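Heads up: the sequence lines are chains A and B, in that order. Take the first sequence: its letter number 76 is residue 76 in the working numbering, and every next letter is one higher. Take the second sequence: its letter number 48 is residue 48 in the working numbering, and every next letter is one higher. Let me begin by presenting the structure, written as C-alpha cells, before commenting on it.
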Amino acid sequence: MSVRVQDAAFDAGAELNAFSTGDGVGAIVSFTGIVRDTDGTLAAMEIEHYSGMTERAIQAIVDDAMARWELQDVLVIHRFGRLVVGAPIMMVATKSAHRADAFAAADFLMDYLKSRAPFWKKETTADGSTWVAAKDVDEDALSRW
Amino acid sequence: MYFAWVRERIGVPFEDVQTTAETVSDLVAELSAREDRYAAAFADVSALRVALDQELADFSAPLAGVREVAFFPPMTGG
C-alpha cells in the first residue's frame, strides 16, 4: 500500500495506470477529488493539515480497510497547500480480485478520509477567505460502516 | 497545537504550555481563563476536536504523560 501526503500536483491518470498492474488483479476502483468552483467565485483553495498525525491517521484508515476487505493494494494521495480550481485534491484507488471488495473499500476510505484525516479546507473568493465547515452528513456517513 | 480557525483565533500555530490540568477540559478552562483569545476559540467546545499525541481523543481524556495536545475544528478532508 502507498500513502502520500504532498503539496505537489499529481497526475491521477498516470498514478492509476501505474497502480493497475500486477498478477491476479481483477478489479480496480478509483476516486479523484477535484477543486470545485460551485458558484463561479472561487479563486483558490488552501488545505491545511496536521503533519505527522495526517500520515498516521490515513495509515490507520488504510489498515482498517485492508482488514475488512480482500484487497491486494491501496493507494491514497492527498495534497495540502494552495490549490487552483480544477486541480486534483486527492485520490484513492483500491485493487482486489473482486469488484465488490474494491468498491466497498474505496467508499469506506473516502468516508473516513473526509472526517478522520486531519485536513482543513479554506476557500478564497474575491470577498475573502472562509474555512469550509464539516457537514453532518459526512459524519453520519461513518455509521454506515 | 492549533489548526484552521482555532489557530487563527488564538494567533499562534503552537506553543509550550506548562500545566497541572488533569484532563483536556481542565486545560481548556485554564487557557480560557488566561486570555480572551483562548476564551473566544474555546467558546463552544462541541465545535472542536482534540488530539492527544496525534490520536483523536475526548475532552474528558486525562493528560498524564501526554506531550502534544492539538485543538482543531471538525476535519474537512477528501
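By construction, the Cβ of each residue, glycine as well, lies at the ideal position given by its N, Cα and C atoms. Computed from a predicted structure; not experimentally measured.
- Lys121 (chain A) sits buried, since 16 or more C-beta atoms from the chains shown fall within 10 Å of its C-beta.
- Secondary structure at Gly81 (chain A): strand, using DSSP grouped into helix, strand and coil.
- Residues of chain A whose Cβ lies closer than 7 Å to the Cβ of Gly78 (chain B) are, in chain order, Gly33, Met90, Met110, Leu113, Lys114.
- Interface criterion not met: the Cβ of Val3 (chain A) is under 9 Å from no Cβ in chain B.
- Closer than 7 Å at the C-beta level to chain A, one finds these residues of the segment 36-55 of chain B: Ala51, Gln54.
- The three-state reading of DSSP puts Ser60 (chain B) in coil, since its state is none of H, G, I, E or B.
- Your pair Arg4 (chain A) and Ala57 (chain A) does not check out as a contact, with CB atoms roughly 14 Å apart and the cut at 8 Å.
- Ranking B:Met1, B:Asp58, B:Leu56, B:Pro73 by CA distance to the CA of Leu31 (chain B) puts B:Met1 first.
- For chain A, none of the residues of the segment 19-30 of chain B brings a beta carbon within less than 8 Å of one of its beta carbons.
- Interface with chain B (9 Å Cβ-Cβ cutoff): Lys121 (chain A) is included.
- The Cβ atoms of Val35 (chain A) and Ala87 (chain A) sit closer than 9 Å to each other.
- By the CB criterion at 9 Å, Ala97 (chain A) and Ala106 (chain A) fall outside the cutoff.
- Within the same chain, Gln72, Ala97 come within 8 Å of Gly24 (chain A) by CB-CB distance, once the 5 residues on both sides are set aside.
- Take the alpha-carbon of Glu68 (chain B) and the one of Glu15 (chain B): they are about 10 Å apart.
- The Cβ atoms of Arg79 (chain A) and Ile89 (chain A) sit closer than 9 Å to each other.
- Neighbours of Glu46 (chain A) in chain B, taken as residues at a C-beta separation under 7 Å, are lacking, since the least C-beta distance is about 10 Å.
- Gly52 (chain A) belongs to the set of residues whose beta carbon lies under 9 Å from a beta carbon in chain B.
- Rounded to the nearest whole angstrom, the C-alpha separation of Trp145 (chain A) and Ile10 (chain B) is 36 Å.
- Between Phe59 (chain B) and chain A, the shortest Cβ-Cβ separation is not below 9 Å.
- In the DSSP assignment, Asp73 (chain A) forms a beta bridge with A:Lys95.
- Contacts between Phe3 (chain B) and chain A, judged by CB atoms closer than 9 Å, involve Glu48, His49, Tyr50, Pro118, Trp120 in chain order.
- Annotation: Asp26 (chain B) to Glu15 (chain A) spans about 47 Å, alpha carbon to alpha carbon.
- In the DSSP assignment, Thr54 (chain A) falls within the unbroken alpha helix (DSSP H) covering 53-68.
- One finds nothing in chain A with a Cβ atom closer than 8 Å to the Cβ of Ala33 (chain B); even the nearest lies about 26 Å away.
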